[in-house]
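Residue numbers (the UniProt record's numbering): 1 to 729.
As structure tokens, then:
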């Protein structure tokens, strides 16, 4: 390909379109129209060139881009773009890319996706080559072998900056890589290429740990490295997170030196070295973006004497600005410039603990809640919401206590829908914040107001009621995970606080509470949840009934049934009777226990139906419950159960009949004790009948016992003899 203007234009267009497509792929969700458009742009540029050529190779050499092995003499902005893209390819380990005629949209899409990934992400796929191979891309061929760059007849090699990353935490190895690269980079005649190579190395160093960066900056004093300006480039490319990490470590190092080293020259030398490193880092451009508290920490540690000049100047400007604000009319705080600066100003006041000044500023802003124009009131609410975020983040949310009632009052009086919406959003935020700061009573108060405003009997217009109802639902959805976590904590104080807030949330919380009861093993927690549902009332019972009718999980139903007495089971008796016929015996047993706990005549009546339960174990449990209640109404049913083939049912029935004490049971009990010729009874059943008959010292029973004195069963014999002996006494 010739070095023509057309060739230069093609190269610049290709790199621009590739760069844009990669950037869009990293920013927008997969399948986005923006991504599709940018990929189509790349395809258009490629197709236009491949219509005239079977293929072409885009390669990187010494920071320059080559087309089919030849340099393109790009100048100006295009050269910068070209060099930048060349180094991006080098960082990915890509030496050349061959595009062939017939390349498709899908292939370009996969290629762009691969370029957008970090090198580490592609390693497990076998690099970009493996990634494209896996996706069946045949018309884009990546060459990752070492490439010998050719520039005007010279052969220049330099080691990959990846060696720096491989050196890890070994500052000596990193410095060696820099020195070796410095020799090669120094021989590059082109300034832009040379500077790009230095920047690439600096970016790699700037990603290392604070200790390594510190040692590298101290070691790069040799003339060949110093001349290239690698140190300056490292400081220039430091990121905000990295510089914050370095500042934090410097404070820690200083404290460690002061705590562990004795006074003397050696300690002074270490402190001077550390402060020199600190001065260098503070000189980095990104240091100005570091938050104020970082420098406060350095000052508190003792390694920094005073804030950097730009912070001092900024504080002075902000103080002057604040003084002017407090003197002006409150409406001035809503000017665009003031609104943008106030949250940051509040943050600075938080650092210096100027609580009274913050409160004065807040009340000044709040004066605008009574402004004549709704636009002004809306701006005031938005500004207060921003300030609240700052105060919450800085642990100063208590300063809102005086302003919060003003917001609540404004909500009650506000006539404009837009302002009303802003107020509900601000107060909704306060609900969450108060909850997170351990002030559930404040959250509960605001929620109560929301709920009252959303009720039909309130005096709000329909539109506002709908807003409040929506706000209540959104608030419930946002705070319930926090509250449920507290309820599960086992901490009684946290549980009590959470319960008080949930009770105010009302019907919006019902579904989540019912689900939690079904999922929670701990009975105490379920009981707390049930007590909250009881406060909600009919809405809670409706949700529970729905779950009883639709949920098929045995464990969920058992847990739910176990708390029904806490939420007004009497009003759900029809549904409880239905569940007593549930297919799972464990659920039926849980219902029986519920009916026993209820203790009402109606509950006992339903419990009697359980005497027909097909499961012997459930039947036995119901018999025991009726025995404990001395339920005389169960006599007929229990007498019938004496004919059961299940030994356990017969034994428990005998015991229950004895406890009830109705003499009508004597004949059937004697039939169990003294079986006929054609009926057989186990020794255990006969013994149970004998023990039951001890409660009835009638002549008929005495005659039966007299016959049993010589019974074949030793157990029955003993009971008969002991009983007759006791009666004689």
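In this text, a Cβ means the ideal position worked out from N, Cα and C, and glycines have one as well.
Note that the coordinates shown come from a computational prediction; the quantities given were computed from them, not determined experimentally.
At the level of alpha carbons, what is the spacing between residue 739 and residue 419?
What the structure shows of the chain is the stretch from 1 to 729, and residue 739 is not part of that stretch, so it cannot be assessed.
So what's residue 354 in DSSP terms, helix, strand or just coil?
The sequence position of residue 354 within the chain shown is 354, counting from 1. In this structure, residue 354 counts as coil in the three-state DSSP scheme.
Could you tell me the distance, in whole angstroms, from the CA atom of residue 343 to the CA atom of residue 323?
Working through the chain shown from its first residue, we reach residue 343 at position 343. Working through the chain shown from its first residue, we reach residue 323 at position 323. Straight across, the Cα-Cα distance linking residue 343 with residue 323 is about 15 Å.
Can you say whether residue 256 is buried or exposed, counting buried as having 16 or more other CB atoms within 10 angstroms of its CB?
Translated into positions along the chain shown, residue 256 becomes position 256. Answer is exposed; the Cβ neighbour count stays below 16.
What separation, rounded to the nearest whole angstrom, lies between the Cα atoms of residue 404 and residue 373?
The residue labelled residue 404 in the question sits at position 404 within the chain shown. The residue labelled residue 373 in the question sits at position 373 within the chain shown. Distance between the alpha carbons of residue 404 and residue 373: 21 Å.
Does residue 96 pass the burial test, meaning 16 or more other C-beta atoms within 10 Å, or should it be called exposed?
Numbered from its first residue, the chain shown carries residue 96 at position 96. Residue 96 should be labelled buried.
Give every residue of the same chain whose Cβ lies closer than 7 Å to the Cβ of residue 159, excluding the five residues on either side of it in the sequence, and list them in chain order.
The residue you call residue 159 lines up with position 159 of the chain shown. Any reading at residue 159 must be qualified, since the residue scores a pLDDT of 46, below 50, and its modelled position is unreliable; the value itself is stated next. Cβ within range, chain order: 177, 180, 181.
Rounded to a whole number of angstroms, what is the C-alpha to C-alpha distance between residue 12 and residue 115?
Here the question's residue 12 lines up with position 12 in the chain shown. Here the question's residue 115 lines up with position 115 in the chain shown. Using only the alpha carbons, I get a separation of about 18 Å.
Among 109, 302, 195, 212, which has the Cα closest to the Cα of residue 228?
In the chain shown, the residue the question calls residue 228 occupies position 228. Of 109, 302, 195, 212, the residue nearest in Cα terms is 195.
Taking the alpha helix (DSSP H) that residue 653 belongs to, which residues open and close that run?
The count along the chain shown starts at 1 and reaches residue 653 at position 653. Per DSSP, residue 653 belongs to the alpha helix (DSSP H) from 647 to 660.
Note down, in chain order, each residue of its chain lying with its Cβ closer than 7 Å to the Cβ of residue 171, except the 5 sequence neighbours on either side.
Against the chain shown, residue 171 aligns to sequence position 171. Excluding positions up to five away in sequence, the list reads 212, 215, 216, 219.
At the 7 Å Cβ level, is residue 256 part of the contact set with chain B, yes or no?
No chain B appears in the structure shown, which is made up of a single protein chain.
Check whether the region 465 to 476 touches the region 488 to 498, counting contact only when three or more Cβ pairs, one atom from each stretch, lie closer than 8 Å.
no
So for residue 99, helix, strand or coil by DSSP?
As a first step, residue 99 is located in the chain shown; it is residue number 99 there, counting from the start. It is a strand residue.
Can you name, in chain order, every residue of its own chain whose Cβ lies under 7 Å from the Cβ of residue 652, other than the five neighbours on each side?
Residue 652 sits at position 652 when you count from the first residue of the chain shown. Here the set comprises 620, 623, 624.
Just checking my contact of residue 58 with residue 65 at CB under 8 Å: how many whole Å lie between their CB atoms?
The residue you call residue 58 lines up with position 58 of the chain shown. The residue you call residue 65 lines up with position 65 of the chain shown. That pair is a contact at about 7 Å.
Below 8 Å on the Cβ atoms is my guess for residue 103 versus residue 135; work out the distance and round it to an integer in Å.
To locate residue 103, count along the chain shown from 1; it is residue 103. To locate residue 135, count along the chain shown from 1; it is residue 135. So it is not a contact: roughly 13 Å between Cβ atoms.
Mind checking who residue 56 pairs with in its DSSP beta bridge?
The count along the chain shown starts at 1 and reaches residue 56 at position 56. Per DSSP, 99.
Less than 8 Å between C-beta atoms, sequence neighbours within five positions excluded: which residues of the same chain meet that for residue 768?
With the chain covering 1 to 729 only, the question about residue 768 has no answer from this structure.
Pull up the distance between the alpha-carbon of residue 129 and that of residue 48, whole angstroms please.
In the chain shown, residue 129 corresponds to position 129, counting from 1. In the chain shown, residue 48 corresponds to position 48, counting from 1. Whole-angstrom Cα-Cα distance: 25 Å.
When DSSP labels each residue in this structure, what does residue 414 get in the three-state scheme?
The residue given as residue 414 occupies position 414 in the chain shown. Three-state result, residue 414: coil.
Would you mind giving the Cβ-Cβ distance between residue 383 and residue 364, rounded to the nearest angstrom? I have them listed as a contact below 8 Å.
Here the question's residue 383 lines up with position 383 in the chain shown. Here the question's residue 364 lines up with position 364 in the chain shown. Contact flag wrong, Cβ pair sits at about 11 Å.
Give the DSSP-derived three-state secondary structure of residue 70 in the structure shown.
Sequence index remark: in the chain shown, residue 70 carries index 70 (1-based). Three-state result, residue 70: strand.
Under three-state DSSP, which class holds residue 238?
Here residue 238 is taken as the residue at index 238 of the chain shown, counted from 1. Three-state DSSP puts residue 238 in coil, outside helix and strand.
Within a Cβ cutoff of 6 Å, which residues of the same chain sit near residue 460, ignoring the five residues on either side of it in sequence?
For the purposes of this step, residue 460 is identified with residue 460 of the chain shown, where counting begins at 1. Only 453 meet the Cβ criterion.
Once DSSP output is grouped into helix, strand and coil, what is the label at residue 141?
Position 141 of the chain shown, counting from 1, holds the residue named residue 141. Here residue 141 sits in strand by DSSP.
Using DSSP with H/G/I as helix, E/B as strand and the rest coil, what is residue 580?
Counting from one through the chain shown, the residue named residue 580 turns up at place 580. Shown here, residue 580 sits in coil according to DSSP, grouped into three states, outside any helix or strand.
Residue 288 to residue 250, Cα distance in whole Å?
As a position in the chain shown, residue 288 is number 288, starting the count at 1. As a position in the chain shown, residue 250 is number 250, starting the count at 1. Computed Cα separation, rounded: 17 Å.
Are the region 334 to 354 and the region 264 to 284 touching by the rule of at least three beta carbon pairs closer than 8 Å?
The region 334 to 354, when compared against the region 264 to 284, does not touch it at the 8 Å Cβ threshold.
Which word fits residue 667, buried or exposed, when buried means at least 16 other C-beta atoms lie within 10 angstroms of its C-beta?
Taking the first residue of the chain shown as position 1, residue 667 is located at position 667. Note on residue 667: under 16 other CB atoms within 10 angstroms of its CB, so exposed under the neighbour-count rule.
Three or more beta-carbon pairs under 8 Å between the region 232 to 243 and the region 268 to 275, yes or no?
Contact fails: fewer than three Cβ-Cβ distances are below 8 Å.
Along the alpha helix (DSSP H) that carries residue 554, what are the first and last residues, could you check?
Taking the chain shown and counting its residues from 1, one reaches residue 554 at position 554. That run of the alpha helix (DSSP H) goes 554 to 561.
Exposed or buried, which one is residue 366 when buried takes at least 16 other CB atoms within 10 Å?
The count along the chain shown starts at 1 and reaches residue 366 at position 366. The residue is buried, with at least 16 neighbouring Cβ atoms inside 10 Å.
May I ask which residues mark the beginning and end of the alpha helix (DSSP H) holding residue 94?
Taking the first residue of the chain shown as 1, we reach residue 94 at position 94. Here residue 94 belongs to no alpha helix (DSSP H), and DSSP marks it neither H nor E.
Tell me which same chain residues have a C-beta within less than 6 Å of the C-beta of residue 556, skipping the five on either side of it?
One-based indexing of the chain shown puts residue 556 at position 556. So the list reads 518, once near-sequence residues are dropped.
Have a look at residue 35 and residue 551 and give me their C-alpha separation to the nearest angstrom.
Within the chain shown, the letter at position 35 stands for residue 35. Within the chain shown, the letter at position 551 stands for residue 551. So the alpha carbons of these two residues sit roughly 45 Å apart.
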